[in-house]
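> Please find one structure pasted underneath; my questions will follow.
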Amino acid sequence: PIFDSPDIAKQLPAETRKFKQVDNTWKFTIHLIKNKEYNVLKVCSHDNLLDKITEANENLDVIQKELNNYLEKKRDLFLVNDELLEILSETKEPTKVQPHLRKVFENIHKIEFDDFKVIHSMFSGEGENIKFLKEINPVQKNVEFWMGDVEEMMKLSVRSVLQNSIYDYTQKPRVEWVV
């Protein structure tokens with residue numbers, strides 16, 4: 118699924134092509150094995166199979182190296198490569214980033230999506246809910262861009278809540294304000 122992501126395919130086009138070649142080689146080999154006319158000896162002696170598998174292996178090494186370089190450029194988060202890949206490959210399903218939010222943002226337990234995948238608020242680990250000043254629509258955006266929008270809206274929304282709290286402090290009795 119990594120190279121099925123339009124975002125990754127756009128940013129790593131050569132590796133995406135190589136991966137599809139490797140995938141096709143693998144599928145072709147498996148198809149031969151499943152074919153009832155062939156046995157293992159016939160499959161292994163198939164024209165250029167060793168060369169194709171050797172080339173596929175070399176391509177996988179190149180793909181892995183370039184994928185690691187790509188991930189290093191994105192590495193401003195406290196995530197391991199598998200988590201980062203999962204997030205970056207989920208451009209079509211933004212709700213799948215929920216399990217990783219705590220590692221990306223301090224004490225963000227989850228973000229609230231509506232049925233259209235628009236983001237309206239965030240929840241802390243303690244269950245506190247802060248509505249965003251403006252909703253965020255992650256659809257048709259690369260995940261790193263809309264996650265940047267979440268970070269910016271998180272800052273603006275928390276700042277707004279704090280400013281309202283300061284104002285409320287001057288207007289309400291302390292006991293009522295604390296609650």
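According to the working numbering, the sequence shown is numbered sequentially starting from 118. We treat Cβ as the ideally placed atom computed from N, Cα and C, and that holds for glycine.
Within the continuous alpha helix (DSSP H) that includes residue 233, where are the two ends?
Residue 233 -> no alpha helix (DSSP H), and no H or E assigned at all.
> Do residue 121 and residue 260 have their C-beta atoms closer together than 8 Å?
For residue 121 and residue 260, no; Cβs fall outside 8 Å.
> Using the three-state DSSP reduction, which class does residue 241 fall into: helix, strand or coil?
Residue state, collapsed to three classes: strand.
> Since residue 145 is in the alpha helix (DSSP H), which residue starts that stretch and which ends it?
Unbroken alpha helix (DSSP H) run through residue 145: 130-151.
> Closer than 7 Å by C-beta to residue 250: which residues in its own chain qualify, once you throw out the five before and the five after it? Chain order, please.
Taken in chain order, the residues that qualify are 270, 273, 274, 277.
> Would you mind stating whether residue 136 and residue 170 have Cβ atoms separated by less than 8 Å?
Their beta carbons are not under 8 Å apart, which means residue 136 does not touch residue 170 by this criterion.
> For a test of the three-state rule: what should DSSP assign to residue 262, helix, strand or coil?
Reduced to three states, the DSSP call for residue 262 is helix.
> Once DSSP output is grouped into helix, strand and coil, what is the label at residue 251?
It is a strand residue.
> If we call anything under 8 Å between Cβ atoms a contact, is residue 266 one with residue 253?
Yes. Within cutoff.
> Can the beta-carbon of residue 211 be found less than 8 Å from the beta-carbon of residue 263?
Yes, they are a contact pair.
> Which same chain residues, not among the five before or five after residue 139, have their C-beta less than 8 Å away from its C-beta?
So the qualifying residues of the chain are 173, 176, 177, 180.
> Going by Cα to Cα distance, which pick from 229, 290, 131 is closest to residue 182?
Minimum Cα distance to residue 182 is reached at 131.
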